[in-house]
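Colleague: Under our numbering, think of the first position of the sequence shown as 603, with each following residue one higher. Ideal placement from N, C-alpha and C gives every residue a C-beta, glycine not left out.
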Amino acid sequence: MQTLRASKLGLNPSLLSPAILDVLTTLTDAGFDAYIVGGGVRDLLLGLHPKDFDAVTNATPSQIKSVFGKRCRIIGRRFELAHVYSGRDMIEVATFRAPPNRPNTTASGMVTRDNVWGTIQQDFVRRDFTINSLYYQPMKGQVLDFCHAIDDIHARVIRFLGQPALRFEEDPVRLLRILRFAAKLQFQIDPDILAVLKPSLAERLLEVSPHRLYDESQKMFSGGYLARLLPLMIEHHAWPMLFADIPAKMTAFIQRAADNTDSRIASGKSINPAFFYAVLLWQPFMQRVQQLEQSGLPTHDAWTQAGVDVLRRQQRHTAIPRYAEMFIRETWELQPRLIQPKARQIPSLVTLPRFRAAFDFLYLREQIGDPLVAGMGQWWHDYQEMSTDQREMAIRSLNRQQLRQHRQAASQPNAVAPAIWSESIDSDPLAVMTEAMSTDLESRSARRRRVRREKAQALQREGKSATQPDRAVQTATDVDVRLDTSTETESGSSDDKTMPVAAPRRAARGGRQEATLPRRRRRPRDLSTVFMGPY
Ligand code: ATP
Ligand code: MG
C-alpha cells in the first residue's frame, strides 16, 4: 500500500461538495475512519466533474445511524448502506466489507448477500476495478493506493482487482459497469478482461434481478455517453441480455436519439430515461401493431395492446416501473394523433402532459427521414412558436390541406401509396414500421366506403338476394343505416329485426350503392323502466 499526498495529485478539499465534507468530518469527529472512495476520486484525478461522492467508513450501518440520527436511513438487503442527508444532498455511506460468507453465494458463484464487515484492506479487495479503489481522506490530505491504481488511471486502462472470470461470477453486472466506464472515460479494457468477454459470460446477466438491471440501464442512458456505450454493448453481447426483442443494431433512429440524449446532458438539460426506452422499443412496437392489425384488431386497439405486450416482454429483462411504462405508451399513442390531428383538438393536444415527449419523439422520427411523419414534426415545431392568431391560421390551413387529401384519397381509394411513403422499404431500418403504417394511407372513411363497395360487389357476384342479409355487410353499412333510422323511428315502428332496404330508394338518394343492403331499425326504449330523477 502506498500513501500519496493528495495535493501532489491535484486534489484539495475545495473540489469537494459541502455535503461530503460534512459527512466525513462528522464521522471523523465521532472517532471513526472515513474516506471518499470510487468514482469521486477517480473522476477528480482525471479532471472530470464527479456526478457524486461515495463515502466509506469503519462504522457499521447502525453506528452511522446513531451518529447522524434522523439524517440517516439504512437501505438495501443484499448490500446494506446508509444514506446520509446533508442539506439537499444525499451521500451514500458504505461500511468496509470483508469477503462474503459461503452460504451467501448462489451455486453459480453469484454473491446474494454482502454484509460482512471488515477492514480497509479487505474492503479494497472487494472493489471492482483498480481505478475505483483509491481512498481519499481530505482532512489528512492523503490518498491510499493499495494496487498502483494511480498508474492505471494514468495509463487509462480498466483492470479488474483479481481474476476476471471469478469477479464476473460474483457479480455479472460488472460487465455492464466495464462497458459503462469504458464509454464514459474512454479507457481501454484490459486484455485479460477482453479474453473472457464471451457471449456465455453476458448470458449470466439473465440471473440478475430485472430491478437492478433497470437501475443500471438508467445509469447508462443518463451518463452522457450513450452513443459510445451502445456499440460496446453490441460488441460484447450485453445488448440482447438487456433488450431481448430489439435487434442489436444502431439504427438511424437509435443513433440520433442517443446523440440527442448525450448533447442534452452536456448542456445541463434534464432527460427522462424512459424516453430512450420508447425509442429502443419503437420498432418491436410497430411490428406488434402490424401483427395485431393483421389478426383483425382495429387500429386503435392494436396500438394500445401492442404497447402493453411489448413492455411486458421488456419487463422480463429490465423491470420498467409503472410511471415509465405510462410515459412510453402515451408517447407512442400520441404519434398518430400528432400526425393526423383533428383541427379542433390541436389547441388542447399541446397542453397534454405528454405532448412535449411525443413531439420530441415525432421530431426525431422526422429528422431521420421517417416518411410517415409527413412534415408534421416541423409543423408542430412551428406551431409552438406562433402567436394565438397565427396558430388559428395554421390550424385552418392544415384543416384545408387534410380535407384536400381526404378528397383525393376518396376519389382514388385503391391508389398505390405515393412514392414518398413507400420508398426504401428494404434498406431503411424503418421499413417495418413503414410497412406497418402503410395501411393508414387511405383515410378511414375512404377505406370504409371501399370495403362496403367490395363486399356489396362480392354479394352480387355470389347472387345473394336482398332477403338474405349478410352480417358483415350490416356492420360495414352502419353509417348509412343510421341515416335511415330517423324516419323509421318517427313512424313509430318497434321492430328490432334487421330489415332489407329497397335498392331503388337508395338509388333515388344519389345511387351510390347499387347492392341491396340490410337496415337495422331502432327499438324505442321502454321509458317506464328508466329512472328520470327529480326535477
Ligand atoms: P459513477 O458513480 O461515476 O457511476 P462509481 O465508480 O462511483 O461510478 P458507484 O456505482 O457509485 O460507481 O460505486 C461506488 C464504488 O463502489 C465503485 O467505485 C466501486 O469501488 C464500488 N462498487 C460499485 N459497484 C460494485 C460492484 N458491483 N462490485 C464491486 N465494487 C463495486
Ligand atoms: Mg459513484
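Within the continuous beta strand (DSSP E) that includes T697, where are the two ends?
Modeller: Within the sequence shown, residue 697 is the residue found at index 95, counting from 1. Segment 691-697, the beta strand (DSSP E) holding T697.
Colleague: Pick from P938, L647, A921: whose alpha carbon is nearest that of A904?
Modeller: Taking the first residue of the sequence shown as position 1, residue 904 is located at position 302. Among P938, L647, A921, the Cα nearest to that of A904 is on P938.
Colleague: Taking the alpha carbon of L815 as the reference point, which residue from A767, L951, A846 has its own alpha carbon closest?
Modeller: Here residue 815 refers to the residue found at position 213 when the sequence shown is read from its first residue. Comparing Cα positions, the closest option is A846.
Colleague: At which residues does the alpha helix (DSSP H) containing Q857 begin and terminate?
Modeller: The residue given as residue 857 occupies position 255 in the sequence shown. Taken as a continuous stretch (DSSP letters only), the alpha helix (DSSP H) holding Q857 covers 854-868.
Colleague: Sort P740, V975, M888, V775 by Cα distance to S609 and report the nearest one.
Modeller: To locate residue 609, count along the sequence shown from 1; it is residue 7. Comparing Cα-Cα distances from S609 to each of P740, V975, M888, V775, the minimum goes to P740.
Colleague: Assuming contact is defined by CB atoms lying nearer than 8 Å, are P766 and D794 in contact in what I supplied?
Modeller: If you number the sequence shown from 1, residue 766 lands on position 164. If you number the sequence shown from 1, residue 794 lands on position 192. The answer is yes: Cβ separation under 8 Å.
Colleague: Which residues end up in the neighbourhood of the ligand MG when you take C-beta atoms closer than 6 Å to any of its heavy atoms?
Modeller: Output, sorted by chain position: G640, G641, D654, D656.
Colleague: Express the C-alpha separation of M852 and R915 in angstroms, rounding to a whole number.
Modeller: Taking the first residue of the sequence shown as position 1, residue 915 is located at position 313. Taking the first residue of the sequence shown as position 1, residue 852 is located at position 250. Roughly 21 Å between the two C-alpha positions.
Colleague: Using the beta-carbon count (16 or more within 10 Å), is H919 buried or exposed?
Modeller: Here residue 919 refers to the residue found at position 317 of the sequence shown. Buried: at least 16 other Cβ atoms inside 10 Å.
Colleague: Measure the C-alpha to C-alpha separation of V669 and T697 and round it to an integer number of angstroms.
Modeller: Here the question's residue 669 lines up with position 67 in the sequence shown. Here the question's residue 697 lines up with position 95 in the sequence shown. Going from the Cα of V669 to the Cα of T697 covers about 14 Å.
Colleague: Where does the unbroken alpha helix (DSSP H) through H813 begin, and where does it stop?
Modeller: Mapped onto the sequence shown, residue 813 falls at position 211. Start and end: 812-823.
Colleague: I need the DSSP call for H756, collapsed to helix, strand or coil.
Modeller: Position 154 of the sequence shown holds residue 756. Looking at H756 - three-state DSSP - the assignment turns out to be helix.
Colleague: Along the alpha helix (DSSP H) that carries Y879, what are the first and last residues, could you check?
Modeller: Counted from its first residue, the sequence shown places residue 879 at position 277. Its alpha helix (DSSP H) spans residues 875-882.
Colleague: How is F770 classed by DSSP in three states: helix, strand or coil?
Modeller: What you label residue 770 is simply residue 168 of the sequence shown in a count that begins at 1. Note: F770 maps to helix in three-state DSSP.
Colleague: Confirm, please, whether the CB-CB distance from D624 to G642 is below 8 Å.
Modeller: The residue labelled residue 642 in the question sits at position 40 within the sequence shown. The residue labelled residue 624 in the question sits at position 22 within the sequence shown. Contact flag unset, no.
Colleague: CB T605 to CB D635, shorter than 8 Å?
Modeller: Residue 605 sits at position 3 when you count from the first residue of the sequence shown. Residue 635 sits at position 33 when you count from the first residue of the sequence shown. Not a contact, by the Cβ cut-off of 8 Å.
Colleague: Go to D656, then tell me how far its beta strand (DSSP E) extends in each direction, as first and last residue.
Modeller: Indexing the sequence shown from 1 puts residue 656 at position 54. Note, D656: beta strand (DSSP E), 656-659.
Colleague: Decide if H813 is buried, meaning its Cβ has at least 16 other Cβ atoms within 10 Å, or exposed.
Modeller: Here residue 813 is taken as the residue at index 211 of the sequence shown, counted from 1. With fewer than 16 Cβ atoms within 10 Å of its Cβ, H813 is classed as exposed.
Colleague: Sorted by chain position, which residues of the same chain lie with C-beta nearer than 6 Å to Q942's C-beta, five sequence neighbours on each side aside?
Modeller: On the sequence shown, position 340 is the one that residue 942 refers to. Excluding positions up to five away in sequence, the list is empty.
Colleague: Counting only the same chain and skipping the five closest in sequence on each side, list residues whose C-beta sits under 7 Å from that of Y738.
Modeller: As a first step, residue 738 must be located in the sequence shown, where it is residue number 136. Only A608, L613, Y637, I638, V643, V745 meet the Cβ criterion.
Colleague: What first and last residue would you give for the beta strand (DSSP E) that runs through L606?
Modeller: Numbered from its first residue, the sequence shown carries residue 606 at position 4. 604-607 is the extent of the beta strand (DSSP E) around L606.
Colleague: Under the DSSP definition of a beta bridge, which residues are partnered with S1183?
Modeller: With the chain running from 603 to 1137 in the structure shown, residue 1183 is simply not present.
Colleague: Would you check whether the ligand ATP has a heavy atom nearer than 7 Å to the C-beta of S824?
Modeller: Translated into the one-based positions of the sequence shown, residue 824 becomes position 222. Result no, Cβ not under 7 Å from the ligand ATP.
Colleague: Out of curiosity, what's the CA-to-CA distance linking L974 and E968?
Modeller: As a first step, residue 974 is located in the sequence shown; it is residue number 372 there, counting from the start. As a first step, residue 968 is located in the sequence shown; it is residue number 366 there, counting from the start. Cα to Cα, L974 sits roughly 8 Å from E968.
Colleague: By how many angstroms is the C-alpha of L954 removed from the C-alpha of R993?
Modeller: On the sequence shown, position 391 is the one that residue 993 refers to. On the sequence shown, position 352 is the one that residue 954 refers to. Taking the straight line joining both Cα atoms gives about 17 Å.
Colleague: Any heavy atom of the ligand ATP closer than 7 Å to the CB of N717?
Modeller: Start at 1 with the first residue of the sequence shown, and residue 717 comes out as number 115. No, Cβ of N717 sits at least 7 Å from all heavy atoms of the ligand ATP.
Colleague: Should E809 be labelled buried (16 or more other beta-carbon atoms within 10 Å of its own) or exposed?
Modeller: Counting from one through the sequence shown, the residue named residue 809 turns up at place 207. It is exposed - the Cβ of E809 has fewer than 16 other Cβ atoms within 10 Å.
Colleague: Report back the beta-carbon spacing between R761 and D716 to the nearest angstrom; my notes put them in contact at under 8 Å.
Modeller: Here residue 761 refers to the residue found at position 159 when the sequence shown is read from its first residue. Here residue 716 refers to the residue found at position 114 when the sequence shown is read from its first residue. Not quite, the Cβ-Cβ distance comes to about 22 Å (not below 8 Å), so this is no contact.
Colleague: Within the same chain, show all residues whose beta-carbon is closer than 7 Å to that of P842, passing over the 5 residues directly before and after it, in chain order.
Modeller: Position 240 of the sequence shown holds residue 842. For P842, where only same-chain residues beyond five positions count, the Cβ hits under 7 Å are A850.
Colleague: If you reduce the DSSP assignment to three classes, tell me which class L683 lands in.
Modeller: For the purposes of this step, residue 683 is identified with residue 81 of the sequence shown, where counting begins at 1. If DSSP states are grouped into helix, strand and coil, L683 belongs with the strands.
Colleague: Rounded to whole angstroms, how far is the Cβ of L647 from the Cβ of L611, which I believe are closer than 8 Å?
Modeller: On the sequence shown, position 45 is the one that residue 647 refers to. On the sequence shown, position 9 is the one that residue 611 refers to. L647 to L611, Cβ: 6 Å. Contact.
Colleague: To which residues of the same chain is I622 closer than 7 Å at the C-beta, ignoring the five residues directly before and after it?
Modeller: Position 20 of the sequence shown, counting from 1, holds the residue named residue 622. So the list reads I638, F655, A657, I693, once near-sequence residues are dropped.
Colleague: Compute the beta-carbon to beta-carbon distance between D792 and Y827, rounded to the nearest angstrom, for a pair I have assumed lies under 8 Å.
Modeller: Along the sequence shown, read from residue 1 onward, the residue named residue 792 stands at position 190. Along the sequence shown, read from residue 1 onward, the residue named residue 827 stands at position 225. At roughly 19 Å, the Cβ-Cβ gap does not stay under 8 Å, so D792 and Y827 are not in contact.
Colleague: Quick check on the burial criterion: 16 or more other C-beta atoms within 10 angstroms. Buried or exposed for S819?
Modeller: The residue labelled residue 819 in the question sits at position 217 within the sequence shown. So S819 counts as buried.
Colleague: Please classify S802 as buried or exposed, where buried requires at least 16 neighbouring CB atoms within 10 angstroms.
Modeller: To locate residue 802, count along the sequence shown from 1; it is residue 200. S802 should be labelled exposed.
Colleague: If I measure Cβ to Cβ from R890 and keep anything under 6 Å in the same chain, skipping five residues before and after, which residues do I get?
Modeller: If you number the sequence shown from 1, residue 890 lands on position 288. Closer than 6 Å at Cβ, skipping near neighbours: A908, D911, V912.
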